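In this note's numbering, the protein residues as written are 8 to 149.
For every residue, glycine included, the Cβ atom is placed at its ideal position computed from N, Cα and C.
Quick caveat, the model's predicted, so the values are computed rather than measured.
Working notes, structure below.
Laid out in structure tokens, this is it:
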């Protein structure tokens, strides 16, 4: 998923699962109860940049913790958008991994002027699925 849109939609998706099939539904299914959400849902983003609501991240991280949901963000090592947003709006995604030149290098020039075009991130994901991710470097982990 992309960064901003998926971050904003994540709570809606989680609430839909909980209210339709899970613990908050009239007839909960075992696979969707609250204690199983961490194995059912993971949140992957690419080059996520926080939406302009700082309080939203607090809610998002509380959901990750409450339901033990794992979250990762992958970013091109040449992506400039991380430098162009106010520090308070930068994404804290649980884990951020930097995609080195070995992963994104064959798509140079296709990532756009700020090295942020999402369709090239899709190409990088396809490359990682085929060739592995052992060259991805952790930037930080909270």
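Within 8 Å, strictly: CB atoms of residue i and residue j
i           : j           : result
residue 66  : residue 50  : no
residue 41  : residue 30  : yes
residue 80  : residue 46  : no
residue 106 : residue 123 : no
residue 136 : residue 111 : no
Residue i, enclosing beta strand (DSSP E) - first and last residue
i          : result
residue 82 : 77-83
residue 51 : 49-53
Boundaries of the alpha helix (DSSP H) in which residue i is found, first to last residue
i           : result
residue 117 : Careful: residue 117 lies outside any alpha helix (DSSP H) and carries neither H nor E.
residue 137 : 125-138
Below-8 Å beta-carbon distance, residue i vs any chain D residue
i           : result
residue 111 : No chain D appears in this structure, which consists of one protein chain only.
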